[in-house]
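One point on numbering: in the numbering used here, the residue at position 75 of the sequence shown is 77, and numbering is uninterrupted.
Positions of the beta carbon are idealized from the N, C-alpha and C atoms, including for glycine.
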Amino acid sequence: MVEHIRRSGVNKVIKKRKCKGKIRVQLKKNVEVVSLTLQKVFSSCQEVFKGPGTVPCPGDVQKLQHILDNMKPEDVGLNSDLRFFNIKSEVEGTPRVASATIDKCANFELSIFFLPANAVIPLHNHPEMTVFSKLLLGTMHIKAYDWVEPKPLDSNRSTSPSKCRLAKLTSNRTFTAPSDASVLYPTSGGNIHEFRAITPCAVLDVIGPPYSKDDGRDCSYYKDTPVKEEDGSCNYGWLEEIEIPKESEMDAIEYMGPKIIKSFT
Ligand SMILES: [Fe+2]
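Okay, structure coming up:
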C-alpha cells in the first residue's frame, strides 16, 4: 500500500474573501508530499550499496528488491495521465527518451527513464555495477546478455565476426507494469541490455555505483547478431561495440515527484 505523509510548510496567502463586510484572509499551507516507499528505497540503498568495487550481498539484494516490488508510480509522482505520454513527438520520427535523476551520490543513483511508444534505449553495459530496474508504467521489451566467460577460443556455433565477442542471451521478453523488480550484476543477470517501449513506459533504475568515466565505468554500446543454433533456437549473440548511437541521446528533465528527506527517520 502506498502511504504518503503531508508535511506542513510555510503558510501562504492564497485568496481574500468577503465575510459579512470584513475581508478575511484565507491561508493555505504549502504541502510537501513524501512517499514512505521512496524513503524506504533510499534508506535501503544507503545500506545496500557500499561503494565502487563492491556487490551487494544476497540478503541486501532481496530486501531492496522486495521494497521495489511494492513500489507504485505514485511513489515518484507519476500517473498514466502524464502530459509526457501525450506529446506529439511520440508519433513523429524517432521518439526521444527523457530521464530524471531523483538522487545521486558516490555509491548509488536513482533515476527514472521515460520512453514514448517505440522509443529505444540501445544495447548498453553496466561495468562493475549492480542495477535494479522497476517498470512503473507501460509495456516494454527487454533483451539482455552476459559475456561468455572465459572467451571461447573456438566455437562451433558460428564463425566469429571480427571484433565481436560471444554473449549469452539471458532475457528476450516483454514485461508489463506492474512487474517485479529485476536485478543485474557485474557479470550476471543480463548486464548488457536493451529497452524497447511497446507502449509509453516509465522505468526506475537503481544503479550502484553510478557511471563514472573517470573511474573506468563508462557506458559502452553494442550491436548484436543473434547466433542460430542447429535446432533453430537463439541462446547466444555476437556483440560488437559501436559508437554512441543517436537513439541513446536523452533529454534530462527535472524530477517533480515526492522528495527524499535525507534526515527522515
Ligand atoms: Fe541500463
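Quiz item: With 16 other CB atoms within 10 Å as the buried threshold, where does residue 236 fall?
Solution: exposed
Can you tell me which of 134, 260, 217 puts its alpha carbon nearest to the alpha carbon of residue 191? 134
> Between 79, 242, 100, 180, which lies nearest to residue 126 when the distance is taken from Cα to Cα?
Replying inline: Cα-wise, what sits closest to residue 126 is 242.
Helix or strand or just coil, what does DSSP make of residue 57? Correct three-state label for residue 57: coil.
With 16 as the cutoff for other CB atoms within 10 Å, does residue 136 come out buried or exposed?
buried
Residue span of the alpha helix (DSSP H) that contains residue 231, given as start and end
Counting along the chain, residue 231 falls outside any alpha helix (DSSP H), and DSSP gives it neither H nor E.
| query | Should residue 231 be labelled buried (16 or more other beta-carbon atoms within 10 Å of its own) or exposed? | reply | exposed
According to DSSP, is residue 128 helix, strand or coil? coil
field: Through-space distance from residue 114 to residue 121, alpha-carbon basis
entry: 15 Å
Under 8 Å Cβ to Cβ from residue 268, same chain only, skipping five residues before and after it: list those, please. It is not possible to answer for residue 268, since the shown part of the chain is limited to 3 through 267.
Enumerate, from N- to C-terminal direction, the unbroken beta strand (DSSP E) stretches of 3 or more residues contained entirely within the region 138-226.
-> For the region 138-226, whole beta strand (DSSP E) runs of length 3 or above, ordered along the chain, are 141-149, 166-178, 184-186, 194-199, 203-210.
Based on the DSSP output, what are the partners of residue 74 in its beta bridges?
Beta-bridge pairing links residue 74 to no other residue.
Distance between residue 233 and residue 111 (C-alpha atoms, nearest Å): 42 Å
| query | Helix or strand or just coil, what does DSSP make of residue 101? | reply | strand
Quick one: residues in its chain with C-beta nearer than 8 Å to the C-beta of residue 254, no 5 flanking neighbours on either side, listed in chain order? 100, 101, 102, 103
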